[in-house]
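A.B. asks: The following block contains the structure, expressed as structure tokens.
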Amino acid sequence: MKAMIFAAGLGSRLKPLTDTIPKALVPINEKPLLEHVIIKLKNAGFDEIIVNVHHFADQIIDFLQSQHNFGIRIEISDEREMLLETGGGIKKAEWFFNNEQPFLVHNVDIVSNIDLKALYQYHLNTQAMATLACKKRASSRYFLFDKQQRLCGWENNQTGEQKIAIPVSSDELRCMAFSGIHVIRPELLRQIRQTGAFSIVDTYLQLASTNLINCYDIGDADIVDVGKPEQLKSITN
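Quick note, this note's numbering runs 199 ahead of the 1-based positions in the sequence shown.
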């Protein structure tokens with residue numbers, strides 16, 4: 200099974216730690232974030248991984264080489280010339296997903312006990328083009344799903360901004376916070392017309408009316424975005 204790890208980010212929220220190392224190599228319990236994600240993926244059966252790099256890219260490449268790629272196939276998607284954001288990053292790595300099997304995408308700064316194998320199997324059991332692992336929790340931004348778990352829109356809870364992909368009555372919508380973990384069928388990538396840097400969130404919203412994009416409710420699973428110092432500290436104590 201194949202997966203992609205987003206490791207190209209600048210890690211601006213983790214400064215000054217990321218003034219000298221990439222976010223992917225920030226340690227938790229003496230192991231870099233990247234290692235935690237790779238081991239979690241490997242334990243779930245993912246044995247081919249592509250990692251995108253930009254900020255301090257050489258450090259990430261050297262680290263992977265020093266660990267002999269953890270005994271699996273690991274490729275690099277080099278974004279040193281231009282940081283492509285989430286959508287552009289996936290599109291650039293499209294060549295890697297050439298076996299027509301769904302692949303999992305995982306942010307490097309997400310620490311969770313989500314059962315990735317169960318998420319992947321759930322996706323296989325549906326006809327969805329993408330499955331987004333989400334949780335009912337407090338957040339500033341939400342994906343909006345209908346009662347059938349189909350993606351219908353997005354909203355910023357602080358500004359009130361909404362982007363509606365499929366109009367439904369407001370009382371039928373569920374507000375769910377995205378985990379930064381999702382499964383995608385390669386067919387979806389061929390429908391993407393954007394180029395350069397763009398958000399996969401915008402892509403999902405653009406394609407939701409003609410493609411089934413589902414929510415996978417992670418329920419009581421724990422998830423922490425360690426992109427901020429206070430969150431990083433909370434998980435290392």
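Built from N, CA and C at the ideal position, the CB exists for glycine as well.
1. Provide the residue(s) that pair with residue 353 in DSSP beta bridges, ordered along the chain.
2. Going by the beta-carbon positions, is the gap between residue 260 and residue 233 smaller than 9 Å?
3. If I measure Cβ to Cβ from residue 397 and keep anything under 7 Å in the same chain, skipping five residues before and after, which residues do I get?
4. In the DSSP output, what is residue 205 paired with across the bridge?
5. Are there 16 or more other CB atoms within 10 angstroms of the CB of residue 215, so buried, or fewer, so exposed?
6. Just to confirm the assignment, what range does the beta strand (DSSP E) spanning residue 370 have?
7. Among 329, 404 and 349, whose alpha-carbon lies nearest the alpha-carbon of residue 380?
8. Taking only the alpha-carbon atoms, compute the straight-line gap between residue 383 and residue 301 and give it to the nearest angstrom.
9. Taking only three categories from DSSP, how would you classify residue 262?
C.D. replies: Concretely, from the data shown:
1. In the sequence shown, counting from the first residue as 1, residue 353 sits at position 154. Paired residue(s): 342 and 362.
2. Translated into the one-based positions of the sequence shown, residue 260 becomes position 61. Translated into the one-based positions of the sequence shown, residue 233 becomes position 34. No, the pair does not count as a contact, with Cβ atoms beyond the cut-off.
3. Within the sequence shown, residue 397 is the residue found at index 198, counting from 1. Setting aside the 5 residues that flank it on each side, residue 397 is surrounded in the same chain by 284, 286 and 287, each with a C-beta closer than 7 Å to its C-beta; the list follows chain order.
4. Numbered from 1 along the sequence shown, position 6 holds the residue referred to as residue 205. Looking at the DSSP assignment, residue 205 forms a beta bridge with 251 and 306.
5. In the sequence shown, the residue the question calls residue 215 occupies position 16. With fewer than 16 Cβ atoms within 10 Å of its Cβ, residue 215 is classed as exposed.
6. Residue mapping note: residue 370 aligns to position 171 of the sequence shown, counting from 1. Segment: none, residue 370 is in no beta strand (DSSP E) and carries neither H nor E.
7. Your numbering for residue 380 matches position 181 in the sequence shown. When only C-alpha atoms are compared, the closest one is 329.
8. By 1-based counting over the sequence shown, the position of residue 383 is 184. By 1-based counting over the sequence shown, the position of residue 301 is 102. Spanning the alpha carbons of residue 383 and residue 301 requires a straight line of approximately 5 Å.
9. For this step, residue 262 is matched to residue 63 along the sequence shown. Reduced to three states, the DSSP call for residue 262 is helix.
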